Structure formats: structure tokens, C-alpha cells
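**Q** One structure, pasted below without further comment.
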Amino acid sequence: MIVKDRIQRSISRSKANAFVRADFTGFGSPSQVSRALRQLVSEGRIVKIGTAAWAKAKASSLTGNPIPIQPMSDLADEVLRKIGVDPEPGYFIRRYNQGQSRQVPPGITVDTGTRRISRRISFGNQVVRYENDFRNPEITNRRLDARERSRQSDR
Numbered sequence: 686m687i688v689k690d691r692i693q694r695s696i697s698r699s700k701a702n703a704f705v706r707a708d709f710t711g712f713g714s715p716s717q718v719s720r721a722l723r724q725l726v727s728e729g730r731i732v733k734i735g736t737a738a739w740a741k742a743k744a745s746s747l748t749g750n751p752i753p754i755q756p757m758s759d760l761a762d763e764v765l766r767k768i769g770v771d772p773e774p775g776y777f778i779r780r781y782n783q784g785q786s787r788q789v790p791p792g793i794t795v796d797t798g799t800r801r802i803s804r805r806i807s808f809g810n811q812v813v814r815y816e817n818d819f820r821n822p823e824i825t826n827r828r829l830d831a832r833e834r835s836r837q838s839d840r
């Protein structure tokens, strides 16, 4: 069976809506898998949403172009979980959900905890932004205090 057909069958049978390259390692050589994924993207069966990340696609009711079948926030969570990150809603999304703010949060923001993520996840003009604990003043102050203590002990 052709690699493309095996990957297509795997995607259609899967309950997951987002996929990373590691999901397809057993289907053939890296170049065969890359070629098959490019063909599936060009056919509109999947869409590329980031570096080594794809999502199931459907035709847009407005333009007919392929679009992801799930919202980008759900796909971003799924991709991040597959690469080993436990995503949480961003600061402004948490405040809005808790009723502490009436301002609707702009865009898609995900809190990655202590992990630094450089992977870009996007589709069209929807880009996932990342927050982490390094911006949290409480944690930053603890780190600065630890640095100051280490500098004093070096003297």
C-alpha cells in the first residue's frame, strides 16, 4: 500500500484532530512521509498549522478553501499536549472566564508553565501566542532573589 494511502487512512480513523510528525514515523522513510503529507495538503484533506503539525480539514462554506475542522485554540492544545507540554489558558482568558474582566481576550494565548516554546502554531491570520511563568512577577522575584544570594556567596 502507498504511504500516502496509509497516512490518509490513519488520519480518517483517528479521533484526534491535530497531528505531529511523530504520529507518522512508522509509515515510511522521512522523505516518503513528507511527500505524502504535502500531497494531502495540496488535496485539501489536511492543513498545515505549524512546524511539523497538521490538522484535519474541511472545505470552507464561504470560499471552498480547506480550513481546520476545529478552532485553533483546541488544535493548539492538542499539538502542545502531543509534544509534552501541559497548556493552560492565558492570563487574560483566565480572568475573563473567572468573571474578573468583561473585556474579551484578544487572540489565542496559551500558558505553557515553565516551558519555553518556539514552535509557531498558526493558520491564516490566527496565531497562537505563548505565556510562561517567566513573566509572572512572583516567580521572577524568586529567581532574582536566588541570583542575588548566589552573587553574595561568590564574594
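Under the working numbering, the residues of the sequence shown are numbered 686 to 840, in order. In this text, a Cβ means the ideal position worked out from N, Cα and C, and glycines have one as well. Bear in mind the structure is a predicted one, so any value in this text is a computation, not a measurement.
Could you check where the alpha helix (DSSP H) with K700 kicks off and where it finishes?
**A** Counting along the chain, K700 falls outside any alpha helix (DSSP H), and DSSP gives it neither H nor E.
**Q** What does the alpha-carbon distance come out to for the pair G784 and P756?
**A** 23 Å
**Q** Anyone know if the C-beta pair for E773 and A703 falls short of 8 Å?
**A** no
**Q** Alpha carbon to alpha carbon, what distance is there between S714 and S727?
**A** 20 Å
**Q** What does DSSP give as the partner residue(s) for Y815 in the beta ladder?
**A** V795
**Q** From the DSSP output, in three-state form, read off P715 for me.
**A** helix
**Q** Can you name the start and end residues of the alpha helix (DSSP H) that I778 belongs to?
**A** 776 to 782
**Q** CA-CA distance, F709 and Q693?
**A** 10 Å
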